[in-house]
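Respectively, the protein sequence lines represent chains P, V and Y. Residue numbers for the first sequence follow my numbering, beginning at 1 and rising by one. Residue numbers for the second sequence follow my numbering, beginning at 1001 and rising by one. Residue numbers for the third sequence follow my numbering, beginning at 2001 and rising by one. Where is the CB? At the ideal position from N, CA and C, for every residue including glycine.
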Amino acid sequence: MAFDGNTRAGKRKKKRLYLVLTTMTILVLAVGLVLTALEDSISLFLDPSELKERNIADGQHIRLGGLVVEDSFVKDSDGLTYYFDVTDGAETVSVTYKGSLPDLFREGQGVVLEGKTNSKGPFNASEVLAKHDENYMPKEVMDSLKKRGVYRDANEEESI
Amino acid sequence: MGEYAIFVWPSYAAVIVIMIAVGFISWKNKNRSEKKLTDLQSKFDNMNKQE
Amino acid sequence: MHKFANPARFLRISRLITPWCFILTLVSLVVGLYWGLFVAPEDYQMGSAYRIIFVHVPAAHMSEICYGFMAVVSVVAIIWKHPLADQSARAAAPIGAAFTALALLTGSLWGKPMWGTFWIWDARLTSELLLLFLYFGYMAVWEAIDDRVQAARIAAVVALVGAINLPIIKFSVNWWNTLHQPASLLKSGGSGMHPDMLWPLLISILAFYLYFVTVLLWRIQTLIIRRQIRGLQMRLADEKNKKGLN
């Protein structure tokens, strides 16, 4: 098993080992470079700060991600249109949406919105997707945590 | 399970069906090749005995 | 290592192990899935929909472990040229493909009610789909190339190059904005799961590992025996030829 550098077979094994190592190193570097260059297109959504920074022309199809601001959610009298704000902690964007909301949609939760940019009015979402965090807890545990005031919304500590 | 039953049950069903299928096919192939090998070996032994 | 890698010895030892692995797989799978489906408490946000985690996470985890295994034995195959290494990687591929397909399918069934979509082209989902195609590509190499030595060499290279995708899948949720959430099990400051939900998940993951070992050993045994059959068939044909000449 060991590399016996003195035999011819051992030398060949060593050569193959170096070949594998160098080829893999070069490949990893190349892939890493490509992924870094494509970072923007790999990322699924922009957050409100990025949206403001970039000054994207109106009418562009984008995805916007952030947390639904507490107490910002309003249902229109027609029962189908929703208004809410989305924030990343620094910037906030107002959103209108007409359609059905996923079950996980809640104030304080992460969402990803699809729609066209519009600098004159609220962001008009054509699709709303809810993000889930990595925490799982039984209902009863959550209730008792809330009762004792121990639980602080996970979203206050870590932004998505 | 409530309203999510239509998502939970198919998930478990798919996992169990595919895992059993892959496992069963692998086990069956092993048995089949084992049998073929013993058949072949006895054929080989018979041939050597005849000489 | 060469002692263990002797195919005849491998066959003998693995035949002793597989029945036990099989029994342990059955027990842990029944316990893990029953616990997850009927005993574990509902999640405070997702209700019962989260129960898909007990099959989704193990399948997704094994889809990566299996390809990692193939990559490691492929390195052994390339450097030490041991036939057992090639056969181990070849035997593992269909199991890994099944795990990957299940991870994608169960994830999709989980995504629809919770996220609001069956599919989205985010970095995690896309790289996992790429993994499925890598498995198919690897298996296609063995099917398409008749010369065994050459097929083994090309397959090993495919396994090794494809392994670059593994850290991308794992860290996609940290490197880029994705719809998929970050890891719950291995995060800083312990797991993000309550122990009542964590235990059935860990048992289910153990069951998937045992399943992988059991089925992998069966498949490697099959490949070794088929090799012995080919050797015997060749000798048989040789002897017949000799007799014909005499």
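>> Tell me the DSSP secondary structure of ARG106 (chain P) in three-state form.
In response: Look at ARG106 (chain P) here: in three-state DSSP terms it is coil, with no helix or strand label.
>> Please tell me whether MET2046 (chain Y) has its Cβ less than 9 Å away from any Cβ of chain P.
In response: By this cut-off, MET2046 (chain Y) is an interface position.
> So what's ASN2165 (chain Y) in DSSP terms, helix, strand or just coil?
Replying inline: Looking at ASN2165 (chain Y) - three-state DSSP - the assignment turns out to be helix.
> Which one or two residues does DSSP pair with SER100 (chain P) in a beta bridge?
Replying inline: In the DSSP output, where bridge partners are listed per residue, SER100 (chain P) has none listed.
> What runs of the alpha helix (DSSP H), each 4 residues or longer, lie entirely inside the segment 2005-2091 of chain Y?
Replying inline: Correct list: 2007-2034, 2053-2080.
> When the cut-off is 9 Å and only beta carbons count, does GLU140 (chain P) lie next to chain Y?
Replying inline: At least one CB of chain Y lies nearer than 9 Å to the CB of GLU140 (chain P).
>> When you compare the CB of GLY2032 (chain Y) with every CB in chain P, is at least one pair closer than 9 Å?
In response: No, its Cβ sits nowhere closer than 9 Å to a Cβ of chain P.
> Nearest CA to the CA of MET2193 (chain Y): which residue from Y:SER2014, Y:ALA2140, Y:ALA2098, Y:TYR2044?
Replying inline: Of the listed residues, the one whose Cα sits closest to MET2193 (chain Y) is Y:TYR2044.
> If you scan the segment 3-86 of chain P from start to end, which runs of the beta strand (DSSP E) of 3 or more residues do you find wholly inside it?
Replying inline: Runs of the beta strand (DSSP E) inside the segment 3-86 of chain P: 61-68.
> Whose C-beta lies closer than 7 Å to the C-beta of ILE2145 (chain Y) among residues of the same chain, with five residues either side of it excluded?
Replying inline: Closer than 7 Å at Cβ, skipping near neighbours: ALA2151, ILE2154.
>> Measuring alpha carbon to alpha carbon, tell me which residue in Y:GLN2228, Y:ALA2123, Y:TYR2135 is nearest LEU2011 (chain Y).
In response: Comparing Cα-Cα distances from LEU2011 (chain Y) to each of Y:GLN2228, Y:ALA2123, Y:TYR2135, the minimum goes to Y:GLN2228.
>> Within the continuous alpha helix (DSSP H) that includes ASN1046 (chain V), where are the two ends?
In response: For ASN1046 (chain V), the enclosing alpha helix (DSSP H) stretches over residues 1005-1050.
>> If you reduce the DSSP assignment to three classes, tell me which class LYS116 (chain P) lands in.
In response: Look at LYS116 (chain P) here: in three-state DSSP terms it is strand.
> Can you tell me whether DSSP reads ALA2103 (chain Y) as helix, strand or coil?
Replying inline: The three-state secondary structure of ALA2103 (chain Y), taken from DSSP, is helix.
>> Between PHE2054 (chain Y) and LEU2201 (chain Y), how many whole angstroms is the CB-CB distance? I'm expecting something under 8 Å.
In response: Rounded to whole angstroms, the Cβ separation of PHE2054 (chain Y) and LEU2201 (chain Y) is 6 Å, and the two are in contact under 8 Å.
> Are at least three pairs of beta-carbons, each pair with one atom in the segment 36-45 of chain P and one in the segment 2087-2107 of chain Y, less than 8 Å apart?
Replying inline: In this structure the segment 36-45 of chain P does not touch the segment 2087-2107 of chain Y; the number of beta carbon pairs closer than 8 Å is below three.
> List, in order along the chain, the chain Y residues whose C-beta lies closer than 7 Å to that of ASN1029 (chain V)?
Replying inline: Residues of chain Y passing the Cβ test: THR2222.
> Which residues does DSSP pair with THR92 (chain P) in a beta bridge?
Replying inline: DSSP output for THR92 (chain P) lists P:THR87 as bridge partner(s).
> What is the residue span of the beta strand (DSSP E) that PHE2136 (chain Y) lies within?
Replying inline: Boundaries around PHE2136 (chain Y) are those of the alpha helix (DSSP H), 2123-2144, since no beta strand (DSSP E) includes it.
> Near LEU2179 (chain Y), which residues of its chain fall below 7 Å by C-beta distance, leaving aside the five closest residues on each side in sequence?
Replying inline: Same-chain partners within the cutoff: TRP2115, ILE2120, ASP2122.
> Using a beta-carbon distance below 9 Å, is HIS2194 (chain Y) in contact with chain P?
Replying inline: Closer than 9 Å: yes.
> What's the call for MET1019 (chain V), buried or exposed, on a 16-neighbour Cβ count within 10 Å?
Replying inline: Answer is buried; the Cβ neighbour count reaches 16.
> Taking C-alpha atoms, which residue in P:LEU46, P:VAL93, P:ASN55, P:GLU107 lies nearest to LYS75 (chain P)?
Replying inline: By alpha-carbon distance to LYS75 (chain P), the top candidate from P:LEU46, P:VAL93, P:ASN55, P:GLU107 is P:GLU107.
>> So, with DSSP's three-state summary, where would you put ARG2172 (chain Y)?
In response: A small fix is needed here, since residue 2172 (chain Y) is Ser in this sequence, not Arg. Helix.
> Would you call the CB atoms of PHE1058 (chain V) and ALA2163 (chain Y) closer than 9 Å?
Replying inline: No statement about residue 1058 (chain V) is possible, as the shown extent of chain V runs from 1001 to 1051 and does not include it.
> Mind pulling the chain Y residues with CB within less than 8 Å of ILE1018 (chain V)?
Replying inline: The contacting residues are ALA2098, ALA2101, LEU2102.
> Is it a yes or a no for the segment 76-84 of chain P touching the segment 22-31 of chain P, going by three-plus beta-carbon pairs under 8 Å?
Replying inline: Not touching, per the Cβ criterion.
>> Here's the rule I'm using: 16 or more other beta-carbon atoms within 10 Å means buried, otherwise exposed. How should ALA2059 (chain Y) be labelled?
In response: So ALA2059 (chain Y) counts as buried.
>> So, for LEU2037 (chain Y): in the same chain, excluding its five sequence neighbours on each side, which residues have a beta-carbon less than 8 Å away from its beta-carbon?
In response: When the five nearest sequence neighbours on each side are left out, the beta carbons in the same chain lying within less than 8 Å of the beta carbon of LEU2037 (chain Y) are those of ARG2051, PHE2054, in order along the chain.
>> With a threshold of 9 Å between beta-carbons, can ALA2008 (chain Y) be considered close to chain V, or not?
In response: Chain V places no beta carbon closer than 9 Å to that of ALA2008 (chain Y), leaving this residue out of the contacts.
> Hey, GLU2128 (chain Y) and LEU2104 (chain Y) are a contact pair by Cβ (cut 8 Å); roughly how many whole angstroms apart?
Replying inline: Yes, they are in contact, since the Cβ atoms of GLU2128 (chain Y) and LEU2104 (chain Y) sit about 6 Å apart, within 8 Å.
> So the beta strand (DSSP E) LEU145 (chain P) belongs to, where does it begin and stop?
Replying inline: LEU145 (chain P) -> not in any beta strand (DSSP E); alpha helix (DSSP H) instead, spanning 139-148.
> By DSSP, does SER2204 (chain Y) sit in helix, in strand, or in coil?
Replying inline: Here SER2204 (chain Y) carries a helix assignment [DSSP, helix/strand/coil].
> What does DSSP give as the partner residues of TYR136 (chain P) in its beta bridges?
Replying inline: In the DSSP assignment, TYR136 (chain P) forms a beta bridge with Y:MET2193.
> Closer than 9 Å, CB to CB, is LYS1049 (chain V) near chain Y or not?
Replying inline: So, not an interface residue.
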